[in-house]
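Here is the structure we will look at, set down as structure tokens.
In mature numbering (1 follows the signal peptide of the UniProt record, and there is no 0), the protein residues as written are -19 to -1, 1 to 118.
Pasting the structure below:
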């Protein structure tokens, strides 16, 4: 009997925790066809959203045509506001052959869409039209 209650309780906890997080996958890219990645969104105890963006096989921005200097991550919220989340650097060192990158941010609003642009300058405050990866919309 205790085993059944324990299993039911664990199932309920897992279901509750799973309901507080979501995962979005980046669509195939025409700019960098091999690139892939996902976005995990989790609501924290302060009602903010922990956003984790992971990318793989994303070519260095200097290798794009035309060449760029940085990748910037952006989000659109349900209020139709585009907000800069920050720069994501792609690792290509001796131990990172997969051209991977990750960025973790906290936002007050839940993202409806997350996208990555290639930019000349990390200080830009609005996204360029060169969207490298997007979760949709």
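Note that CB positions come from ideal geometry on N, CA and C, so glycine has one too.
The C-beta of residue 56 has 16 or more other C-beta atoms within 10 Å across all chains shown, which makes the residue buried.
Residue 40 is not a Cβ neighbour of residue 18, given a cutoff of 8 angstroms.
Look at residue 42 here: in three-state DSSP terms it is helix.
Cβ-Cβ distances below 7 angstroms link residue 10 to 16, 113, 114 in the same chain, with the five nearest sequence neighbours on each side left out; the list follows chain order. Rounded to the nearest angstrom, the gap between the Cα atoms of residue 86 and residue 4 is 15 angstroms. DSSP places residue 47 in the coil class of the three-state scheme, outside both helix and strand. Under the three-state reduction of DSSP output, residue 37 falls in the strand class.
Between residue 34 and residue 83, the C-beta spacing is below 8 angstroms.
With a contact defined as Cβ atoms closer than 8 angstroms, residue 90 and residue 53 miss out at about 18 angstroms.
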